Amino acid sequence: MQVKSIAGHELTPGKTVKDHIHVEGTELHVPHVLLCGEQPGPTVLISAGIHNAEYVGIQAAIELSNELDVSALHGNVILLPLANRSGFENRTMSMVYEDGKNLNRVFPGDREGSEADKLAHMLFEVFIRNVDAYIDLHSGDGYEALIPYAYYLGDTPAEETAKAMIACVNTKYYVRSRCRTGGAYNLASVHGVPSVLIERGQLSLFSREEIEADKADVRNILRCLGVLPGEAMRYPKTQLLEYSDDAPCTGCWYPEKKVGEVFRRGEKLGEIRDYFGRSLFVEYAPDDGVLLHQCASLNIIEKGPMVTYGVPTDDII
Ligand SMILES: [Zn+2]
Numbered sequence: 001m002q003v004k005s006i007a008g009h010e011l012t013p014g015k016t017v018k019d020h021i022h023v024e025g026t027e028l029h030v031p032h033v034l035l036c037g038e039q040p041g042p043t044v045l046i047s048a049g050i051h052n053a054e055y056v057g058i059q060a061a062i063e064l065s066n067e068l069d070v071s072a073l074h075g076n077v078i079l080l081p082l083a084n085r086s087g088f089e090n091r092t093m094s095m096v097y098e099d100g101k102n103l104n105r106v107f108p109g110d111r112e113g114s115e116a117d118k119l120a121h122m123l124f125e126v127f128i129r130n131v132d133a134y135i136d137l138h139s140g141d142g143y144e145a146l147i148p149y150a151y152y153l154g155d156t157p158a159e160e161t162a163k164a165m166i167a168c169v170n171t172k173y174y175v176r177s178r179c180r181t182g183g184a185y186n187l188a189s190v191h192g193v194p195s196v197l198i199e200r201g202q203l204s205l206f207s208r209e210e211i212e213a214d215k216a217d218v219r220n221i222l223r224c225l226g227v228l229p230g231e232a233m234r235y236p237k238t239q240l241l242e243y244s245d246d247a248p249c250t251g252c253w254y255p256e257k258k259v260g261e262v263f264r265r266g267e268k269l270g271e272i273r274d275y276f277g278r279s280l281f282v283e284y285a286p287d288d289g290v291l292l293h294q295c296a297s298l299n300i301i302e303k304g305p306m307v308t309y310g311v312p313t314d315d316i317i
């Protein structure tokens with residue numbers, strides 16, 4: 001795809017744009033950076049802050065927007081360092097401030113919907129569907145412990161390229177997802193845009209080490225796509241089938257395992273108790289697996305996230 005313009009800006013070789021785009025029918029404005037390479041090549045989108053309390057990717061995207069040099073780029077890099085800006089400025093722990101919705105559950109959005117729907121619609125129509133590849137940066141939210149890993153969507157036209165991209169991510173595990181709705185990278189993949197989602201960082205914390213690791217992964221994928229010069233590194237990793245168990249009731253949560261721990265079928269993963277210390281529910285491992293992320297706050301909410309684990313397959317990249 002040879003894109004001529006994005007968000008009303010012509011992609012002229014050597015040009016850099018730093019601007020906000022207004023989301024029609026709302027008070028929302030989304031910061032974006034366009035880095036137009038001096039050489040021709042693909043257009044790659046990098047987003048962060050779809051979940052606004054996932055800070056590692058947000059900071060990595062801000063730094064990349066200042067560090068990537070248009071004279072070295074073959075193609076264009078578009079960065080959305082903070083997709084959910086109003087959530088960030090109101091410290092919502094990742095919901096869109098105006099309507100309380102999880103932005104990464106409402107794609108492709110709706111022009112006639114509430115703020116999150118309108119925002120998702122704009123992000124998809126203006127940015128996501130017009131690029132050749134997409135990297136979405138996430139972390140564990142304020143209540144989420146998490147180990148680094150990455151996703152791509154299986155059974156899509158762009159699967160081979162997405163697989164080559166995920167091989168460049170420096171994590172031990174990856175998930176070949178089966179979820180085709182709601183999320184930005186999922187929708188992009190269904191529309192033929194090879195996409196990966198990288199998870200790194202937890203509990204709304206951010207460290208220099210994690211920010212550098214995110215930046216290194218993005219640069220490595222850009223090498224793999226030919227946007228940056230040089231040979232891309234490939235990191236062997238194990239494919240996991242992902243399963244999530246939501247909390248069956250509200251109460252106090254006592255996890256038994258740490259993220260990254262490997263467990264056997266039938267082992268206790270955690271317990272929910274009431275405010276008198278009485279047991280309400282015990283979570284046992286339904287299979288052998290590895291804990292990818294879990295609720296790390298004392299409070300747990302009915303139908304909200306509790307544990308997400310991966311069951312290793314024989315597929316290794
Ligand atoms: Zn997220």
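Take 1 as the starting number for the sequence shown in the working numbering and just add one per residue. Don't be surprised by glycine CBs; every beta carbon is placed ideally from N, CA and C. Bear in mind that the values here come from a model prediction, so they are computed numbers and not experimental data.
When burial is assigned at 16 or more other CB atoms within 10 Å of the CB, is residue i buried or exposed?
i: Asn66; result: exposed
i: Pro255; result: buried
i: Gly8; result: exposed
i: Cys249; result: exposed
i: Pro286; result: exposed
i: Lys18; result: exposed
i: Tyr284; result: exposed
i: Ser47; result: buried
i: Pro13; result: exposed
i: Cys85; result: What sits at residue 85 in the sequence shown is Arg, not Cys. The residue in question, Arg85, is buried, as its Cβ has 16 or more Cβ neighbours within 10 Å.
i: Val282; result: exposed
According to the Cβ coordinates, are residue i and residue j closer than 9 Å?
i: Gly109; j: Met122; result: yes
i: Phe276; j: Asn186; result: no
i: Leu228; j: Leu73; result: yes
i: Tyr149; j: Val175; result: yes
i: Ala120; j: Asp99; result: no
i: Ser297; j: Ser204; result: no
i: Lys257; j: Glu63; result: no
i: His32; j: Ile78; result: yes
i: Pro194; j: Thr161; result: yes
i: Tyr309; j: Gln239; result: no
i: Ala83; j: Leu103; result: yes
i: Ser114; j: Thr156; result: no
i: Gln202; j: Leu146; result: yes
i: Leu28; j: Lys118; result: yes
i: Glu199; j: His293; result: yes
Just curious, the alpha helix (DSSP H) that residue i is in, first and last residue?
i: Ser189; result: Ala184 to Val190
i: Leu215; result: Inspection of the sequence shows that residue 215 is occupied by Lys rather than by Leu. Element bounds for Lys215: Arg208 to Cys224.
i: Ser65; result: Tyr55 to Glu67
i: Ile166; result: Glu159 to Ile166
i: Phe88; result: Arg85 to Glu89
Looking only at its chain, what residues have a beta carbon closer than 6 Å to the beta carbon of residue i, apart from the 5 residues adjacent to it on each side?
i: Ser94; result: His51, Asn52, Ala53 and Asp141
i: Met233; result: Asn220
i: Lys15; result: Cys36
i: Leu153; result: Ser177, Asn186 and Ser189
i: Gln39; result: His74
Leaving out the 5 sequence neighbours to the left and right, which residues in its chain are closer than 7 Å to residue i when beta-carbon positions are compared?
i: Gly251; result: Ile272, Arg273, Asp274, Leu280 and Ile300
i: Pro236; result: Ile316 and Ile317
i: Gly304; result: Asp246 and Ala247
i: Gln59; result: Phe206 and Ile211
i: Asp314; result: none
Would DSSP call residue i helix, strand or coil?
i: Leu298; result: coil
i: Gly289; result: strand
i: Ala48; result: strand
i: Arg234; result: coil
i: Asn76; result: strand
i: Arg105; result: helix
i: Phe127; result: helix
i: Val30; result: strand
i: Val3; result: coil
i: Val175; result: strand
i: Val169; result: coil
i: Ser204; result: coil
i: Val227; result: coil
Kindly indicate the opening and closing residues of the beta strand (DSSP E) around residue i.
i: Ala145; result: Glu144 to Leu146
i: Leu119; result: Per DSSP, Leu119 belongs to no beta strand (DSSP E); it is in the alpha helix (DSSP H), Glu115 to Met122.
i: Ser244; result: Thr238 to Asp246
i: Thr306; result: Reading the sequence as shown, one finds Met at residue 306 and not Thr. Segment Pro305 to Ile316, the beta strand (DSSP E) holding Met306.
i: Val17; result: Thr16 to His22
i: Glu283; result: Ser279 to Tyr284
i: Glu112; result: Note, Glu112: premise wrong, no beta strand (DSSP E); not H, not E.
i: Cys249; result: Where Cys249 is concerned, there is no enclosing beta strand (DSSP E), given that its DSSP letter is neither H nor E.
i: Asp136; result: Ala133 to His138
Counting only the same chain and skipping the five closest in sequence on each side, list residues whose C-beta sits under 8 Å from that of residue i.
i: Leu11; result: Val3, Lys4, Ser5, Leu34, Cys36, Thr43 and Asn76
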